[in-house]
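Per our numbering, the sequence shown starts with residue 239, numbered consecutively.
Note that CB positions come from ideal geometry on N, CA and C, so glycine has one too.
Computed from a predicted structure; not experimentally measured.
Have a look at the structure below before the remarks.
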Amino acid sequence: MLDTEKIKEKLQSSLSIERYIHTLGVAEEAEKLAKRYGDEELVKKAVYAGLLHDCAKDYPAEMKRRFCKEYHIPVDDIMKKQIDLVHPFLGAEVAKREYGVEDEDILEAIRWHTTGKADMTVLDKIIFIADYIEPNRESFDGLEEARKLAYEDLDKAMKYILESTIEYVKKRNRLLHPYSLEALKFYSGK
Ligand code: FE
Ligand code: FE
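Put into C-alpha cells, the structure is as follows:
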C-alpha cells in the first residue's frame, strides 16, 4: 500500500481540484470519527478509506464503463442508466490495483460509501457519514444535525443521512439504488 503522501500526489492527478479538496475533508473527518469510535487501527484504515473513496469518481463515463468490464465489476440496470453509481465499486478495485490496498475492510468501506447497505461495519459507516459531513462541504439543510448525530450515535446518523439523501434523489428524479432502500430499512429499525 502506498503511503498517504504518495496517495495524495496520485489523487491530485486523477481528481478535479474540488474533488481533491472534498477527499481531504473526508479523510480528516473520518480520522476524527474513528478516534471517537475506535482504536489506532481503525483510525489508520479510516484515513486510507477516506482518501481513496472517490478515487475513480472523476473518470469519464466511457472510462468507467470500460474499466468495469475489464475488472469484471457487475454493472446492474440502475448503474447502466446512471453510470456514476459504479464509482464506489470501481473505486475499490482501483484502490487495490493502483494504490496497492489489500485490506478488505478499507475496500469494503469504499464500496459502500455511496448507497450504503444493511448492517455496515463501523468503518463503513464512518466513511459513509464522513462523505456527507466533511468540513469542506458547503452548508446545506440538515448538515449541522447530521454532524451532531455523527458524534452521538453512528446508527442514528446513518438513518438521518439515508433519509435526507433518498429524499434528495427523489426530488431530483434520479434513480435510487435498492441498496439504499435496504440500508434505510435496516437503520430505521435500529
Ligand atoms: Fe463518492
Ligand atoms: Fe465523496
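Considering only heavy atoms of ligand 4, does any lie closer than 8 Å to the CB of proline 373?
In terms of ligand content, the structure shown lacks ligand 4 and carries ligand 1 and ligand 2 instead.
Threonine 242, enclosing alpha helix (DSSP H) - first and last residue
242-252
Just how far apart, CA to CA, sit histidine 325 and lysine 355?
If I take the Cα positions, the gap works out to 16 Å.
Using 8 Å for Cβ pairs, my map puts isoleucine 311 next to glycine 329. What's the rounded Cβ distance?
Contact flag wrong, Cβ pair sits at about 10 Å.
Where the alpha helix (DSSP H) containing methionine 317 begins and where it ends:
Judged by DSSP secondary structure, methionine 317 falls within the alpha helix (DSSP H) whose first and last residues are 315-319.
Taking 8 Å as the cut-off, is the beta-carbon of threonine 261 closer than that to any non-hydrogen atom of ligand 2?
yes
Spatial neighbours of isoleucine 404 within its chain, please: C-beta separation below 7 Å, excluding the five flanking residues on both sides.
Leu414, Ser418 and Leu422
Tell me the DSSP secondary structure of methionine 239 in three-state form.
Correct three-state label for methionine 239: coil.
Beta carbon proximity, methionine 317 to chain D, threshold 9 Å:
No chain D appears in the structure shown, which is made up of a single protein chain.
Chain-order list of residues whose beta-carbon lies under 6 Å from that of glutamate 372 (same chain, five-residue window excluded):
Only Gly263, Val264 and Glu267 meet the Cβ criterion.
Residue span of the alpha helix (DSSP H) that contains valine 407, given as start and end:
392-409
Quick check: is any heavy atom of ligand 2 less than 8 Å from the C-beta of valine 264?
yes
Whole angstroms are fine: how far does the CA of serine 426 sit from the CA of proline 298?
If I take the Cα positions, the gap works out to 35 Å.
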